[in-house]
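Numbering-wise, the sequence shown is residues 34 to 192 according to my numbering.
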Amino acid sequence: MPVHQFSYIELSSDKELDNDDYHLLSEAKRITENAYAPYSNFKVGCAVQLQNGEIILGVNIENASYPVGICAERSALSSALSQFPDETISAIAISYFSPQGENTQPAFPCGMCRQFISECEHKNKQNIKLIMAAQLGKVYIIDTVQHLLPFSFSKIDLK
Ligand code: THU
């Protein structure tokens, strides 16, 4: 029977990251405070690393009409693609702050964001590294969103 497996990196702290990834994650952590999350109070920050050295930030922006809200990942990636449509995305870092929680366990992108990141990766023609951590504690690194979205739907299916 076929099996889908993937390997990932789990670090006990962001101190173990290389300089570039540490900086990217720090930016994602920092920007969480700009989230507009009056309904959930769950503030998410995302930092997109472009190959030209630019870092584009985004946060979740909620709405009184709940489904209208947007996640931090799609907010940051939409901004990156708007400003730099031809630039390659090398990595994204995702962090959050929840006043109710301990903020030590990484949170992973929701299903809709996984699909969105997958589309960006196809456009990119290069894997996008995912770096996830809360404000403190463990860091997870996953080489490609395809590991989080096996058998993903893409433009190949539309042919
Ligand atoms: N959220 C994100 O920004 N990214 C995710 O991947 C998961 C969820 C936001 C959406 C909503 O504003 C809040 O977190 C609670 O679900």
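Glycine included, each C-beta is placed from N, C-alpha and C at the ideal position.
The alpha helix (DSSP H) runs of length 4 or more contained entirely in the region 131-180 are, from start to end of the chain, 144-157. Closest by C-alpha distance to K171, out of E49, A124, V92, is E49. For the pair V81 and I42, the CB atoms are not nearer than the 9 Å cut-off. With contacts defined by Cβ atoms closer than 9 Å, I103 and E60 do not form a contacting pair. For V36, DSSP assigns no beta-bridge partner whatsoever.
In the structure shown, the three-state DSSP call for Y129 is strand.
The region 162-170 and the region 53-67 touch, with no fewer than 3 CB-CB distances between them shorter than 8 Å. Closest by C-alpha distance to I150, out of Y99, R107, S45, is R107.
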